[in-house]
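Working notes, structure below.
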Amino acid sequence: MIFHSLKIKTKPPERFNNPFYYEPHPLCLLAIQELKTLLGHAPYRNEIDRGKMFGVLIVDNDGQTGYLQAYSGQILAIDEATERNPQDDREFVPAIFDYLLPDGYFKQEESRISFLNQQIRELETSLCLKEAKLHLSKLQSEASNKISDYRQHMKACKEQRDKARNSGATDEDSLLKESQFQKAELRRLKRSLAAEIDIQEEKVKKYIREIEEKKRLRKQKSDALQGWLFSQFSMLNARGENKTLTDIFHDSFSQAYNQMPPSGAGECCEPKLLQYAYANHMKPLCMAMFWWGESPRQEIRHHLHFYPACQGKCKPILDWMLKGLDVEGNPLEEEQSQPLPILYEDNDIIVVSKPAGMLSIPGKSKRQSVLSLIKEHCGKESDPMIVHRLDMSTSGLLVVAKNRECYWSLQRQFKEHTVKKRYIALLSPSPKKPLQVKGTISLPLTADTEDRPRQIIDFKKGKMSITEYEFLDENRIALYPKTGRTHQLRVHCAHREGLSRPILGDELYGKRAERLYLHAEHLEFTHPATDERIHFEAKADF
18 MIFHSLKIKT KPPERFNNPF YYEPHPLCLL AIQELKTLLG HAPYRNEIDR GKMFGVLIVD
78 NDGQTGYLQA YSGQILAIDE ATERNPQDDR EFVPAIFDYL LPDGYFKQEE SRISFLNQQI
138 RELETSLCLK EAKLHLSKLQ SEASNKISDY RQHMKACKEQ RDKARNSGAT DEDSLLKESQ
198 FQKAELRRLK RSLAAEIDIQ EEKVKKYIRE IEEKKRLRKQ KSDALQGWLF SQFSMLNARG
258 ENKTLTDIFH DSFSQAYNQM PPSGAGECCE PKLLQYAYAN HMKPLCMAMF WWGESPRQEI
318 RHHLHFYPAC QGKCKPILDW MLKGLDVEGN PLEEEQSQPL PILYEDNDII VVSKPAGMLS
378 IPGKSKRQSV LSLIKEHCGK ESDPMIVHRL DMSTSGLLVV AKNRECYWSL QRQFKEHTVK
438 KRYIALLSPS PKKPLQVKGT ISLPLTADTE DRPRQIIDFK KGKMSITEYE FLDENRIALY
498 PKTGRTHQLR VHCAHREGLS RPILGDELYG KRAERLYLHA EHLEFTHPAT DERIHFEAKA
558 DF
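According to our numbering, the residues represented by the sequence shown are 18 to 559, in order.
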C-alpha cells in the first residue's frame with residue numbers, strides 16, 4: 018500500500034513548505050514516526066543502517082489525508098528470484114523511471130560499457146604492452162650508453178690528435194679527416210639507434226591507440242546512455258505539465274551543467290514523491306526529509322536529523338515541479354536590513370562587527386552585505402575591498418581595506434598565517450564529556466558540487482584545513498583556525514572525525530536554532546599603513 022492514511026485530524030498547512038528551508042509540520046512528524054517503525058524492522062536493515070535519506074509527503078487523496086514515503090537513490094537488497102526489491106511495491110513510491118529492469122535498454126547498454134571497461138583493463142595490464150614498454154626503455158637506455166661511449170671515444174681521439182699536432186708527427190689533413198669521419202659516424206649511430214627506437218615506440222603507440230580508442234568509445238556510449246536516461250525522466254508539475262530532465266537543466270543551468278543534468282538527478286526523495294502524487298491526482302500539502310543510519314565519511318549527516326533538498330540535483334527540478342503550488346518563500350533569499358556596527362575606521366581600513374544573517378559580499382539573494390553597506394558608508398568615489406569573509410550565519414569581526422595597497426598587504430598576512438583569529442561557539446549538547454579539553458583537527462575539505470555551499474571531506478582532492486580548539490566549559494568552545502577554508506569550523510565541529518558535535522543552530526551540518534552560535538570575537542593583524550600590530554575584540558552576545 019503506497020498511500021498511507023493518517024487517522025489523526027491535524028489541520029494541514031495553508032501553504033506548501035519550501036523544501037530548501039523548513040521546519041517539519043506535525044503531520045510530517047507523525048508520518049515519519051510510522052516510517053521509523055517500518056525502517057526498524059526492514060529486511061534490508063543492514064544496508065540502510067549504513068546511511069540513506071528518507072522522506073515523506075503529506076497529501077490529500079480525494080478528501081483523505083495521508084502520506085507517501087520514499088528513499089533517495091536505490092536500496093540494493095532484492096528478492097533473488099525476481100531481482101526486485103520486495104518493499105518497493107508495498108511501502109515506497111516507485112522510481113520515476115525504472116532503468117534497472119534486467120532486460121531493459123539501460124542494463125543492456127550498461128553491460129556493453131562494462132565489457133569495454135574490462136577490455137580497457139586487460140589492454141592496460143597486458144603482458145604484451147608491459148614487455149613492449151620495457152623493451153623500449155631498454156633500447157633508449159642502451160642508445161644513450163652507446164652514444165655516451167662513442168662521445169668518450171671521440172674525446173680520447175681528439176686528445177691524441179692534439180698531442181700529434183703539438184709534436185708535428187702527423188700532417189693536419191689526416192687529423193682533420195679522422196675528426197670529420199668520427200663526427201659523421203656519430204650522426205650515423207644516432208640515426209641507426211633512433212630508427213630502432215622509432216620502430217619500438219610505434220609498437221607501444223599501437224597498443225596505446227587501441228586503449229584510447231576503447232576509452233573514446235566508452236565515453237561516447239556513456240554520454241549517449243546518460244542523455245537517453247535523462248530524456249526518459251518526464252517530470253510533472255502541479256499544473257499537469259511535463260518536462261524532461263534534459264530540458265529542465267538545459268533551461269536552468271545550460272552553462273553550469275553543459276546541458277546535462279548531474280548524475281543521480283531525479284532520484285532524490287522530493288521529486289519521486291511529487292511525481293507519484295501528481296500522477297495519481299493527489300494534492301501535495303507538505304514534505305520533510307531525514308537521514309537514517311551512519312554518517313558517511315565524506316558528508317555530514319546525522320541519524321534522524323532533517324535536511325533541506327540539495328541544490329545541485331534538486332533545485333532546478335523542484336523549481337519546475339512546484340509550479341502551480343502555493344509554496345512558502347525561502348527566508349534565506351528574502352531581503353533583510355540590519356545595522357552594521359563599525360568598531361574602527363581610519364584612512365586605510367575599517368573594522369566592523371558583522372551581525373548573524375548578513376552576507377560578507379553581495380550574493381544571489383536580496384540581502385544586504387558588508388561590502389554594499391561599506392560602499393554606501395564611504396561614498397561613490399571609494400573602492401573598499403573585503404579582505405576575508407564570514408559565513409552569512411556567522412557573526413563577528415571583519416576587516417575591510419579602503420584601498421588596493423592595504424588590501425594586498427592584508428591578503429598577504431592572511432596567506433602567510435600571521436593574522437590571529439579566535440572564534441567562540443556553542444556546541445550541540447552531548448551526554449559525553451569531551452575526550453580532550455584542547456586539541457587540533459586536520460581534515461581535507463572541498464565543496465560538495467551537487468549541494469553548494471555544503472562542504473565535504475575528500476582525502477584525494479580536498480585542501481587541508483587545520484583548527485586548534487579549547488573547551489571553555491561543557492558546551493562552549495574557543496576555535497583558532499590556522500587555515501581559512503569555507504565552513505572549516507562548522508565542519509570540524511560536526512564531522513565524525515572532528516568533534517562530532519555540530520555547532521548549535523547549524524542548519525547545514527546539525528539542527529536549526531534561533532541563529533548559528535558561532536562568533537568571531539578576536540582579530541589581530543599588522544596595520545598595513547603603520548606596521549603597528551593591532552587587535553580588536555567583540556564579545557559574543559551568547
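Beta carbons are placed, not taken as given, at the ideal position from N, Cα and C, and that holds for glycine.
Could you please give me the residues that DSSP links to residue i through a beta bridge?
i	result
S482	L460
M277	Beta-bridge pairing links M277 to no other residue.
E51	BP columns for E51 are empty, so no partner.
R429	R429 pairs with nothing; no bridge assigned.
R550	T543
V508	Looking at the DSSP assignment, V508 forms no beta bridge with any residue, so it has no partner.
I309	According to the sequence displayed, residue 309 carries Trp and not Ile. K69, per the DSSP bridge assignment.
N259	L253
I494	A442 and F488
S412	H536
Determine the direct distance from the alpha carbon of residue j to that of residue i, and round the result to whole angstroms.
i	j	result
Y424	Q430	10 angstroms
L525	Y324	8 angstroms
Y122	I403	53 angstroms
F109	C395	58 angstroms
K455	R439	14 angstroms
H504	D408	7 angstroms
D400	Y224	59 angstroms
M338	K499	44 angstroms
G501	P356	26 angstroms
D215	R208	10 angstroms
R550	K528	39 angstroms
G244	V387	43 angstroms
F132	D240	16 angstroms
R32	Y39	12 angstroms
G68	G90	12 angstroms
R101	L291	Caution is warranted here: a pLDDT of 47 is assigned to R101, below 50, making its placement in the model unreliable, and no coordinate value can be reported.
S426	I359	21 angstroms
I483	K437	14 angstroms
M277	D115	19 angstroms
D120	R62	28 angstroms
A418	H544	10 angstroms
G329	E218	45 angstroms
S191	A160	29 angstroms
L117	G341	31 angstroms
In this structure, how does DSSP classify residue i when only helix, strand and coil are distinguished?
i	result
A537	strand
H322	coil
A186	coil
P36	coil
K330	helix
R513	coil
E218	helix
K371	strand
C285	coil
E362	strand
D77	strand
Q272	Note on Q272: pLDDT 49, under 50, position unreliable in the model; the coordinate value appears next. Residue state, collapsed to three classes: helix.
S89	coil
Y84	strand
I317	coil
Just mark residue i as buried or exposed, buried being the case when its beta carbon has 16 or more other beta carbons within 10 Å.
i	result
T547	exposed
E352	exposed
A211	exposed
F476	exposed
D188	exposed
I494	buried
N34	buried
C45	buried
A296	exposed
S370	buried
F198	exposed
H170	exposed
G185	exposed
K397	exposed
Does the Cβ of residue i lie closer than 7 angstroms to at least one heavy atom of the ligand FAD?
i	result
Y88	Summarising the ligand content, the structure contains no ligands, and the ligand FAD is consequently not present.
Step through the CB atoms of chain D and report whether any lies within less than 8 angstroms of the CB of residue i.
i	result
I378	Any reference to chain D falls outside this structure, which holds one protein chain only.
### Query
Is the number of C-beta pairs between the region 436-453 and the region 511-519 that are closer than 8 angstroms three or more?
Yes, the region 436-453 touches the region 511-519.
### Query
Any contact of the region 428-445 with the region 499-512, i.e. 3+ C-beta pairs under 8 angstroms?
As far as the Cβ criterion goes, the region 428-445 touches the region 499-512, which means the pair count is three or higher.
### Query
Do three or more CB pairs link the region 251-268 to the region 147-154 at distances below 8 angstroms?
The region 251-268, when compared against the region 147-154, does not touch it at the 8 angstroms Cβ threshold.
### Query
Within the chosen definition, does the region 297-310 reach the region 73-91 through at least 3 CB pairs nearer than 8 angstroms?
Using a C-beta cut-off of 8 angstroms, the region 297-310 makes contact with the region 73-91, since at least three inter-stretch Cβ pairs fall below that distance.
### Task
Check whether the region 302-316 touches the region 256-272, counting contact only when three or more Cβ pairs, one atom from each stretch, lie closer than 8 angstroms.
Contact between the region 302-316 and the region 256-272 is not established, with fewer than three Cβ pairs separated by less than 8 angstroms.
### Message
For the structure I just gave you, are there three or more beta carbon pairs, one from the region 346-360 and one from the region 377-386, closer than 8 angstroms?
### Response
Three or more beta-carbon pairs drawn from the region 346-360 and the region 377-386 are found closer than 8 angstroms, and the two stretches are therefore classed as touching.
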